[in-house]
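Novice:
2 protein chains.
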Amino acid sequence: MAIRDQVTISDIAERANVSISTVSRVLRGTARVSDPKRKAVLAAVEELNYQPNVFARGLASGQSMAIGVLTQNFGSPFYDAISQGVIRGLENTGYSPLFADGQWQPEMERRSVETLMQRQIDGLIITGGLMPSSVLHRYAEEVPLLIVARRVPGLEERCLCLDNFRAAHEATMHLIELGHHRIVYIGGIGSHDDAVERRNGYLHALDQAGIEPDESLIVEGDFRRQAGLLAVDNLMRNGVVFTAIFAANDQMAFGARMALFRRGIRVPEDISLIGFDDEPAAAFMIPPLTTVRQPAVELGLAASKGILDLIQGKPLEPFSLKMKLIVRESVALLR
Amino acid sequence: MAIRDQVTISDIAERANVSISTVSRVLRGTARVSDPKRKAVLAAVEELNYQPNVFARGLASGQSMAIGVLTQNFGSPFYDAISQGVIRGLENTGYSPLFADGQWQPEMERRSVETLMQRQIDGLIITGGLMPSSVLHRYAEEVPLLIVARRVPGLEERCLCLDNFRAAHEATMHLIELGHHRIVYIGGIGSHDDAVERRNGYLHALDQAGIEPDESLIVEGDFRRQAGLLAVDNLMRNGVVFTAIFAANDQMAFGARMALFRRGIRVPEDISLIGFDDEPAAAFMIPPLTTVRQPAVELGLAASKGILDLIQGKPLEPFSLKMKLIVRESVALLR
DNA sequence: CTGTTAGCGCATTCAT
DNA sequence: ATGAATGCGCTAACAG
Numbered sequence: 081m082a083i084r085d086q087v088t089i090s091d092i093a094e095r096a097n098v099s100i101s102t103v104s105r106v107l108r109g110t111a112r113v114s115d116p117k118r119k120a121v122l123a124a125v126e127e128l129n130y131q132p133n134v135f136a137r138g139l140a141s142g143q144s145m146a147i148g149v150l151t152q153n154f155g156s157p158f159y160d161a162i163s164q165g166v167i168r169g170l171e172n173t174g175y176s177p178l179f180a181d182g183q184w185q186p187e188m189e190r191r192s193v194e195t196l197m198q199r200q201i202d203g204l205i206i207t208g209g210l211m212p213s214s215v216l217h218r219y220a221e222e223v224p225l226l227i228v229a230r231r232v233p234g235l236e237e238r239c240l241c242l243d244n245f246r247a248a249h250e251a252t253m254h255l256i257e258l259g260h261h262r263i264v265y266i267g268g269i270g271s272h273d274d275a276v277e278r279r280n281g282y283l284h285a286l287d288q289a290g291i292e293p294d295e296s297l298i299v300e301g302d303f304r305r306q307a308g309l310l311a312v313d314n315l316m317r318n319g320v321v322f323t324a325i326f327a328a329n330d331q332m333a334f335g336a337r338m339a340l341f342r343r344g345i346r347v348p349e350d351i352s353l354i355g356f357d358d359e360p361a362a363a364f365m366i367p368p369l370t371t372v373r374q375p376a377v378e379l380g381l382a383a384s385k386g387i388l389d390l391i392q393g394k395p396l397e398p399f400s401l402k403m404k405l406i407v408r409e410s411v412a413l414l415r
Numbered sequence: 081m082a083i084r085d086q087v088t089i090s091d092i093a094e095r096a097n098v099s100i101s102t103v104s105r106v107l108r109g110t111a112r113v114s115d116p117k118r119k120a121v122l123a124a125v126e127e128l129n130y131q132p133n134v135f136a137r138g139l140a141s142g143q144s145m146a147i148g149v150l151t152q153n154f155g156s157p158f159y160d161a162i163s164q165g166v167i168r169g170l171e172n173t174g175y176s177p178l179f180a181d182g183q184w185q186p187e188m189e190r191r192s193v194e195t196l197m198q199r200q201i202d203g204l205i206i207t208g209g210l211m212p213s214s215v216l217h218r219y220a221e222e223v224p225l226l227i228v229a230r231r232v233p234g235l236e237e238r239c240l241c242l243d244n245f246r247a248a249h250e251a252t253m254h255l256i257e258l259g260h261h262r263i264v265y266i267g268g269i270g271s272h273d274d275a276v277e278r279r280n281g282y283l284h285a286l287d288q289a290g291i292e293p294d295e296s297l298i299v300e301g302d303f304r305r306q307a308g309l310l311a312v313d314n315l316m317r318n319g320v321v322f323t324a325i326f327a328a329n330d331q332m333a334f335g336a337r338m339a340l341f342r343r344g345i346r347v348p349e350d351i352s353l354i355g356f357d358d359e360p361a362a363a364f365m366i367p368p369l370t371t372v373r374q375p376a377v378e379l380g381l382a383a384s385k386g387i388l389d390l391i392q393g394k395p396l397e398p399f400s401l402k403m404k405l406i407v408r409e410s411v412a413l414l415r
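Heads up: the protein sequence lines correspond to chains L and A, in order. Just so you know, we're using this note's numbering here: the first sequence kicks off at 81 and counts up by one. Just so you know, we're using this note's numbering here: the second sequence kicks off at 81 and counts up by one.
1) Going by DSSP, which residues form a beta bridge with G208/A?
2) Any residues in the stretch 109-140 of chain L with a beta carbon nearer than 8 Å to a beta carbon of chain A? Which ones, in chain order?
3) Please report how far the alpha carbon of V193/L lies from the alpha carbon of M211/L, in whole angstroms.
4) If you measure between the beta carbons of L390/A and G203/A, is that distance less than 8 Å?
5) Report all residues from its chain with a CB closer than 8 Å to the CB of N280/A; omit the five preceding and five following residues, and keep chain order.
6) Counting only C-beta atoms, is D313/A closer than 8 Å to chain L at any point?
7) Opposite C239/A in the DSSP bridges: which residues?
8) Could you give the uninterrupted runs of the alpha helix (DSSP H) lying entirely in the stretch 283-354 of chain A, keeping only those of 4 residues or more?
9) Starting from R373/A, follow its DSSP beta bridges and name the residues at the other end.
10) Spatial neighbours of R230/L within its chain, please: C-beta separation below 8 Å, excluding the five flanking residues on both sides.
11) Beta-carbon of I351/A versus every beta-carbon of chain L: anything under 8 Å?
12) For the structure I just gave you, are there three or more beta carbon pairs, one from the stretch 156-171 of chain A and one from the stretch 162-172 of chain L, closer than 8 Å?
13) Under three-state DSSP, which class holds S99/A?
14) Give a yes or no on whether 8 Å exceeds the smallest Cβ distance from T370/L to chain A.
15) Looking only at DSSP bridge pairs, what is G203/A linked to?
16) Which residues in chain A sit within 7 Å of I167/L, going by Cβ to Cβ distance?
17) If you count every other CB in all the chains shown that lies within 10 Å of the CB of P293/A, and 16 or more means buried, which is it?
18) Per DSSP, which residues does P177/A bridge with? Please list them.
19) Is the CB of Q185/L under 8 Å away from at least one CB in chain A?
20) When you compare only the Cα positions, how much space is there between S156/A and T102/A?
21) Would DSSP call G165/L helix, strand or coil?
22) Using 10 angstroms around the beta-carbon of T110/A, count the other beta-carbons present and answer buried if the total reaches 16, otherwise exposed.
23) Report yes or no: do three or more beta-carbon pairs, one from the stretch 328-345 of chain L and one from the stretch 140-155 of chain L, lie closer than 8 Å?
24) Please classify A123/L: is it buried, with 16 or more other beta-carbons within 10 angstroms of its beta-carbon, or exposed?
25) Classify T173/L as buried or exposed, calling it buried when 16 or more other Cβ atoms lie within 10 Å of its own Cβ.
26) Any idea if K394/L is buried or exposed, counting beta-carbon neighbours within 10 angstroms, 16 or more meaning buried?
27) Taking the alpha carbon of Q131/A as the reference point, which residue from F334/A, L381/A, A311/A, D91/A has its own alpha carbon closest?
28) Taking 8 Å as the cut-off, does the stretch 318-335 of chain A touch the stretch 262-269 of chain A (at least 3 CB pairs, one atom from each stretch)?
29) What residues match up with G267/L in a beta bridge as DSSP calls it?
30) For my contact list, M332/A and A307/A are in at a C-beta cut-off of 8 Å; report their separation, rounded to the angstrom.
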């Protein structure tokens, strides 16, 4: 045991001339305690700087007062913003978040969740990720579970996510209205539901506009920068003609931007580019990246509220957040 | 207690026909156990899918097997990269990291550390931050402590940081060699040791080159984007003349870049710009931001190794990582 | 080598 | 309203 934390409940019991149960009672507020005794306890707590031992408390109560949060890639602005929201949402609730990083690798995600589980988390928030939905279903049975920014079939009521279809649709429409016909779509992983929805939104917009979808304009990515870069490189190398790009997330849009830059192609003068997520860095690109805003912090906040509800057995409040297209200077009218 | 995790050590003891202590022994490897019994235990563990209860273990052993990590701003690429390093460094060590976010606010940092402490962390890694050094000294007495990316007087042997002075000196020299005389320095918070060192490096380079430092070129920032933006705006408004900017971190360089962009000033054609930290996004600016590389992941790795050494009472290995200037395309010769 | 036992610090039930 | 007693699951002496 570390040197600190020597003061225990019995120390203050002694100091306050009461029994340890009384101390426990005033600390937890589980039963009424006479005023003088309560004050004595509180005073002793103060004087001795008592800090409850989380382990002992957890052992005895069966509650850890901890919420596990599986995030993807510390360093990814979007997921980090969600984490921020969770932190804020959990403040002063008595619960504290325990973070683990899945790194977008199913195996890593599993291990991370196992670790969290071992720490007896009272609830689990999973953001994004590639974990098979079967595994998620299993977790859902073991612990109050909330999934953020990902739609999992069969667990819809546990998922906090936005209308990807509509947002992608809007973004594509925006490009079409600017006069674009040949719009590249750089998608996410095919097995990922969000990616599918966004793609459908894209396709639906084309359809509405009477534009024949062109398979050669649709590229599968993996949500990472490199994928965006490669996508553009390949398109160019293959001589595919296009005037606009819609990427399923900002990271890939960054990559695409980079590839264009290397070839001396200007954005938005030569090609229009839209991303998705509104990562903070998007605003700092020169010129700023046009993107679909996913309110990540708000998502995190909602997630923390939601998980607390679940823990208390309350029904999940319906969730709705609107996404909107952030139009900056980087989308141009087609010349 | 959650529904899961019902299997306890005695369940498998029963199942394997041994005593609970034997089970504990094979699980912890604290003593030799006959082969048949060991195998029986392992088998039982497997069959029952036993998961040790961290709380019970912690209570009994006094060890939490957890390392607290106070980071600044989830979402700051630099600190996140450090976190990544810590995660990697702790893999397969039996220890797991517990993250908390200080958000660059002393009060928040304190609360976060208190929370970590309450969770009985075996060691504490603090990255950056603004916590008064007196507080840090106190923590150092309570728990094995390692400070990353910040130099704290009196705790030097506990600090993992780089040679800020030399790096700032080099960056400034680089600009001078390119022909710049009037170089703006956008600094960090004055009370922050790193900021002071970087500033001194800047001043020393000027001195060596025989350039008289000009107070009007030295701006105090706070490491955030907004500060860089404001700095440039103010300089411009006041009609200060300069041909290059050296910012004490990339975030502020981003801000400066933005301010320049808004005024139609090109980088590097019109003004040279150097940042500090080599945040990933720096490479994705158009053109990429020239910056001083701080190997953040390596810092995190070293930190995790270091904290484990401290916990085991081993002396801290001397640490050295060189920083180097990443010269990309955004520094121009003075026309 | 192995089983028995005594706590770790706290919540909680049971008496009072 | 309050104290005594029990146990959470596990580790670490302590006896064989």
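Glycine is no exception: its CB is placed at the ideal position from the N, C-alpha and C atoms. Please read all numbers here as calculations on a predicted model, not as lab measurements.
Specialist: The short version:
1) The residue labelled residue 208/A in the question sits at position 128 within the second sequence. BP columns for G208/A are empty, so no partner.
2) Q131, P132, N133, V134, F135, A136, G138, L139
3) Start at 1 with the first residue of the first sequence, and residue 193/L comes out as number 113. Start at 1 with the first residue of the first sequence, and residue 211/L comes out as number 131. Between V193/L and M211/L, the C-alpha separation is close to 11 Å.
4) Residue numbering aside, residue 390/A sits at position 310 when the second sequence is read from its first letter. Residue numbering aside, residue 203/A sits at position 123 when the second sequence is read from its first letter. Against a cut-off of 8 Å, the Cβ pair of G203/A and L390/A comes out as a contact.
5) Within the second sequence, the letter at position 200 stands for residue 280/A. Excluding sequence neighbours, N280/A sits near F245, A248.
6) Counting from 1 along the second sequence, the entry for residue 313/A is found at position 233. Output row for D313/A: interface = no.
7) Taking the first residue of the second sequence as position 1, residue 239/A is located at position 159. The partner list for C239/A (beta bridge, DSSP) reads I227/A.
8) 305-317, 330-342
9) Taking the second sequence and counting its residues from 1, the one referred to as residue 373/A is at position 293. D357/A, K404/A, per the DSSP bridge assignment.
10) Start at 1 with the first residue of the first sequence, and residue 230/L comes out as number 150. Counting only Cβ-Cβ distances below 8 Å, and skipping sequence neighbours, we find I206, T207, G208, G209, C239, C241, H272, D273, D274.
11) Stepping through the second sequence from its first residue, residue 351/A is reached at position 271. Not closer than 8 Å to any Cβ of chain L, the Cβ of I351/A fails to qualify, so no.
12) no
13) By 1-based counting over the second sequence, the position of residue 99/A is 19. Looking at S99/A - three-state DSSP - the assignment turns out to be coil, as it is neither helix nor strand.
14) Numbered from its first residue, the first sequence carries residue 370/L at position 290. Not closer than 8 Å to any Cβ of chain A, the Cβ of T370/L fails to qualify, so no.
15) Stepping through the second sequence from its first residue, residue 203/A is reached at position 123. According to DSSP, which records beta bridges pairwise, G203/A is partnered with I147/A.
16) Mapped onto the first sequence, residue 167/L falls at position 87. Here the neighbours are D181.
17) As a working note, residue 293/A is residue 213 in the second sequence. Per the 10 Å Cβ criterion, exposed.
18) Counting from one through the second sequence, the residue named residue 177/A turns up at place 97. Answer is I147/A, bridged to P177/A.
19) If you number the first sequence from 1, residue 185/L lands on position 105. With 8 Å as the cut-off, Q185/L does not count as an interface residue toward chain A.
20) In the second sequence, residue 156/A corresponds to position 76, counting from 1. In the second sequence, residue 102/A corresponds to position 22, counting from 1. When rounded, the distance between both Cα atoms is 47 Å.
21) Counting from one through the first sequence, the residue named residue 165/L turns up at place 85. Three-state result, G165/L: helix.
22) Here residue 110/A refers to the residue found at position 30 when the second sequence is read from its first residue. So T110/A ends up on the exposed side.
23) no
24) Translated into the one-based positions of the first sequence, residue 123/L becomes position 43. Label assigned to A123/L: exposed.
25) Locating residue 173/L in the first sequence gives position 93, where the first residue counts as 1. With fewer than 16 Cβ atoms within 10 Å of its Cβ, T173/L is classed as exposed.
26) In the first sequence, counting from the first residue as 1, residue 394/L sits at position 314. With fewer than 16 other Cβ atoms within 10 Å, it is exposed.
27) Taking the first residue of the second sequence as position 1, residue 131/A is located at position 51. Residue D91/A is the option with its Cα nearest to Q131/A.
28) yes
29) Taking the first sequence and counting its residues from 1, the one referred to as residue 267/L is at position 187. G267/L is bridged to E300/L.
30) Taking the second sequence and counting its residues from 1, one reaches residue 332/A at position 252. Taking the second sequence and counting its residues from 1, one reaches residue 307/A at position 227. About 5 Å separates the two Cβ atoms, so the contact holds.
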